[in-house]
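Following: one structure in structure tokens, then a few remarks.
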Amino acid sequence: PAEMRFYDSMARALLKNNARDRVAELFSLMAATLTAKGRAAEAVELVRIAWRYAPDLGELSESAVEALRALHGNRPNFKLFVSASDLDQRADLFRALERFETFIYCDTGEVFEHQTLGIGVVEAIEPERRRVAIRFSSKAVKEFTFEGVRDFLKKHERGGFRAERVRDPDGLKRRFLDEPVEFLHFVLKDYPLGLSQADLKNLLLDGFVSRDEWERWWSANRRAFRRDPWVDWGGGTHDAIRLRSEPKTYYEEVAAEFCESESASARMSLIAEIAKHIAEEPPSAGFARQLFGALQTEFGNCAPGDQVGRLERIFLGRQLAKAFINLELPREFDETAILRQADDPAQMILALSSHEFQCQAIQTLDMIDRTKTTKVCARIFPDAPARLAQWLVERLIAQGEVGAVSAAFETALRSPARNPDAFLWAARQFFADRYAALSVEIAPHEIVGEMADYIRELQNQVDSGSPNASTLRGVVARFKNLLADDQFEILRRAIIPLALPEAQAVCRLFESHAAFPDTYLSSLRHAVQQARPDLEEATAAAARDELDGTTLFVTAESLQRRQAELHHLRTVEIPKNSREIGEAASHGDLSENAEYEAARHRQRMIFKRAEELQHDVERARLIVPSWIRADCVWVGTRFQARNLDTGEVETYTILGAWDSKPDENILSYLTPAAAQFLRRRVGDKVAFQRSGAEPIRYEILQIEKALK
509 PAEMRFYDSM
519 ARALLKNNAR
529 DRVAELFSLM
539 AATLTAKGRA
549 AEAVELVRIA
559 WRYAPDLGEL
569 SESAVEALRA
579 LHGNRPNFKL
589 FVSASDLDQR
599 ADLFRALERF
609 ETFIYCDTGE
619 VFEHQTLGIG
629 VVEAIEPERR
639 RVAIRFSSKA
649 VKEFTFEGVR
659 DFLKKHERGG
669 FRAERVRDPD
679 GLKRRFLDEP
689 VEFLHFVLKD
699 YPLGLSQADL
709 KNLLLDGFVS
719 RDEWERWWSA
729 NRRAFRRDPW
739 VDWGGGTHDA
749 IRLRSEPKTY
759 YEEVAAEFCE
769 SESASARMSL
779 IAEIAKHIAE
789 EPPSAGFARQ
799 LFGALQTEFG
809 NCAPGDQVGR
819 LERIFLGRQL
829 AKAFINLELP
839 REFDETAILR
849 QADDPAQMIL
859 ALSSHEFQCQ
869 AIQTLDMIDR
879 TKTTKVCARI
889 FPDAPARLAQ
899 WLVERLIAQG
909 EVGAVSAAFE
919 TALRSPARNP
929 DAFLWAARQF
939 FADRYAALSV
949 EIAPHEIVGE
959 MADYIRELQN
969 QVDSGSPNAS
979 TLRGVVARFK
989 NLLADDQFEI
999 LRRAIIPLAL
1009 PEAQAVCRLF
1019 ESHAAFPDTY
1029 LSSLRHAVQQ
1039 ARPDLEEATA
1049 AAARDELDGT
1059 TLFVTAESLQ
1069 RRQAELHHLR
1079 TVEIPKNSRE
1089 IGEAASHGDL
1099 SENAEYEAAR
1109 HRQRMIFKRA
1119 EELQHDVERA
1129 RLIVPSWIRA
1139 DCVWVGTRFQ
1149 ARNLDTGEVE
1159 TYTILGAWDS
1169 KPDENILSYL
1179 TPAAAQFLRR
1189 RVGDKVAFQR
1199 SGAEPIRYEI
1209 LQIEKALK
């Protein structure tokens, strides 16, 4: 019998009747038989029963040791434990067996967890002292008595995840990489209550794998984990992942995932997977009805105005019907009726979450009224995702609706802010000449201008601390990448046919803005030089005047003042000083002639000033009203700026090197104050730095030429 109570009763009855020898004979024979049959643990329990009532029954020692050898004979300390526990003696063998099992419980290599020290491995055991030495994950080695181990430490049995990650981390890592599904089973066995995905991630990141290794492993194997029949994922993302006691079938898993999913695209992928799997393993008759039933329930639960939700369930049902040929959709699954009654079919189609659904809706609408569909498609195009935009263009061209698609194409190209994705796609097609049949009335330089303006607008929002700054930076990068593709091919095509002034105006759109750093502009200028050498020469000349410091921009009035001062020095002051020196020299001894020394000192000062004026006049370049830039704050402009701290609007004028009148808010472009506003455009925000004080924040409101 398997019940130990039977043998307990037998032992007590035999001993009560003074049949001690019979107990030794029978229990020894039964223990040996159980051990031989691979049931050594039961054999040990049998011996324990006999020794409980007759602890000096030494005849059972041999059977006990053989059973224990079958269980623990591979332990290096087995013989030591047998000897140290006194199992080979004849007295109190019941206690001897308990001692042996304590030694095994605390043997070297066993894994224990301390509340504060963490997990550790037994490094050494001393049966005589009844102590063990445990090395914990903190590298600290602590000594415990056997009683302390029992009372204060939690044991992790060999073969479990928590034990093996300490005992054999390299082997466990190989299992992680080579057998991911089995590894997941192995971990979950150690956590019968389950782990959330976040808990599992944190568990493995805690010194077992790196974050990158986790991401690659989870991404590569997640689908296999989801499909594994032994893993229960619960009802939601944050539910515990558990190991099942019984496996689920493939179709049970798929049905659960289909019903739980809120993503139409994910459900479409599942349907495609089911269609392939049916050939290998036909589902039960109720499987298809379960999926259709879920869709029908969701269809009925849609809010009264949620026609998009109903339409998506219908299209999912259509896909299921293709996979299960013998099933028909319920009568209320009528996409034609929904689209025919729609007040705004364009918005309804755009609201569908799947490209396939959008295309199906347009095809359905086309069967109802092609003329209406053409207008709807033209309305959809400027707001469509890039993939749908391409599908619409090709469909309309194939139907001969060139005029409608040309107008929609142009609308997209003139409004990047409306739909950046559609604009980027349309711009690529335009410059690649992929749709030659279209008649789009927009010049290449106009498209480039739209791009530059939009990039600056987005960058201004980023600089203003927009909460969507990260997303906006991503859009800016995509637009700049399009411009820079193939060595700025778009820009080169835009400026080649233009006259010099117009080409210069296009190129200036990219100058002097935080959205276009120097490294980007360097590549841009190189491309411009290759496409338009004449433009680059003119631009380079202006750039030298502006940036190398050898030229001084000046107004006519200030230049006249400098020239008049120089003329006065040359014609009046220098001759006068020469006469003063001559008169002083006529007074005799020059070594003690104070008048002579004063006159010579004045001569040095006059000549130095004259040289400075001559140098400045030679470097001077008049600010000519016709070439003053008003697209940004520059030399010769007047601008209004709102003080964002006080709300007041202030007006400043940036003039030449010698025109500063701070009391009148007229600044020389060479001053540090003016430098903080130069190159800024309308809408830009400036943090005006002041020495020893907090910055003042300004927003540029208006820029105009200050000189007429």
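Quick note on the numbering used here: the sequence shown kicks off at 509 and runs consecutively.
Virtual Cβ for every residue (Gly too), placed ideally from N, Cα, C.
With a threshold of 16 other beta carbon atoms within 10 Å, M959 meets it and is buried. DSSP places P584 outside both helix and strand once states are collapsed to three, so it counts as coil. If the five residues before and after A1092 are omitted, its C-beta is found closer than 7 Å to the C-beta atoms of N1101, E1103, Y1104 and A1107, all from its own chain and listed in chain order. The DSSP assignment places 952-971 as complete runs of the alpha helix (DSSP H) inside the region 948-996, in order along the chain (cut-off: 4 residues).
Around the beta carbon of A671, 16 or more other beta carbons lie within 10 angstroms, which makes this residue buried. For the pair E840 and F807, the CB atoms are nearer than the 8 Å cut-off. Under the DSSP assignment, N1085 falls in the alpha helix (DSSP H) whose first and last residues are I1082 to A1093.
Per the C-alpha coordinates, the member of L847, A706, K1216 and F832 positioned closest to P791 is F832.
Around A562, the same chain offers L523, R528 and V531 as residues with beta carbons nearer than 7 Å, after the five sequence neighbours per side are excluded.
Taking 8 Å as the cut-off, the Cβ atoms of V984 and L966 count as close. Secondary structure note for R520: its alpha helix (DSSP H) is the uninterrupted segment M512 to K524. In the structure shown, N834 falls within a coil segment according to DSSP collapsed to helix, strand and coil.
Residues R556, W559, R560 and P563 of the same chain have their beta carbon placed closer than 8 Å to that of F602, with the five preceding and five following residues left out of the count. Under the three-pair Cβ rule at 8 Å, the region 1177-1191 counts as touching the region 1134-1153.
Within the model, the alpha-carbon separation for L542 versus A548 is close to 6 Å. Under the three-state reduction of DSSP output, A706 falls in the helix class. Burial check for E618: the Cβ neighbour count within 10 Å reaches 16 or more, so the residue is buried. If you draw a straight line from the Cα of R1205 to the Cα of A1195, it is about 4 Å long. In summary, I876 is exposed, with fewer than 16 beta-carbon neighbours lying within 10 Å of its beta-carbon over all protein chains present. Around the C-beta of D842, fewer than 16 other C-beta atoms lie within 10 Å, and the residue is accordingly described as exposed.
Listed in chain order, the beta strand (DSSP E) runs fully inside the region 873-920 amount to none, counting runs of at least 3 residues.
Excluding five sequence positions before and after V910, the CB atoms of its chain that fall closer than 6 Å to its own CB belong to A945, given in chain order. The C-beta distance from L828 to I779 rounds to 6 Å, short enough to meet the 8 Å contact threshold. The beta-bridge partner set that DSSP reports for L1060 consists of A1128. Rounded to the nearest angstrom, the gap between the Cα atoms of G1155 and F1147 is 16 Å. Taking C-beta atoms under 8 Å as the contact rule, R639 and T653 qualify, at a distance of about 6 Å. Cβ neighbours of R719 within its own chain (closer than 8 Å, five residues either side excluded): L713.
The straight-line gap separating the alpha-carbon atoms of D516 and K709 is approximately 49 Å. Ranked by Cα distance from K587, the options I888, D600, V1014 and F608 are led by F608.
DSSP links R1150 through a beta bridge to V1157 and E1207.
In the three-state reduction of the DSSP assignment, L601 falls in the helix class, which pools H, G and I. The three-state reading of DSSP puts I779 in helix, counting H, G and I together. With contacts defined by Cβ atoms closer than 8 Å, R942 and L990 do not form a contacting pair. Residues of the same chain with a CB within less than 7 Å of the CB of S862, apart from the 5 flanking positions on each side, are A772, S773 and M776 in chain order.
Secondary-structure assignment with DSSP links G628 through a beta bridge to F620 and F644. Pairing L537 with A551, the inter-Cα distance amounts to about 10 Å.
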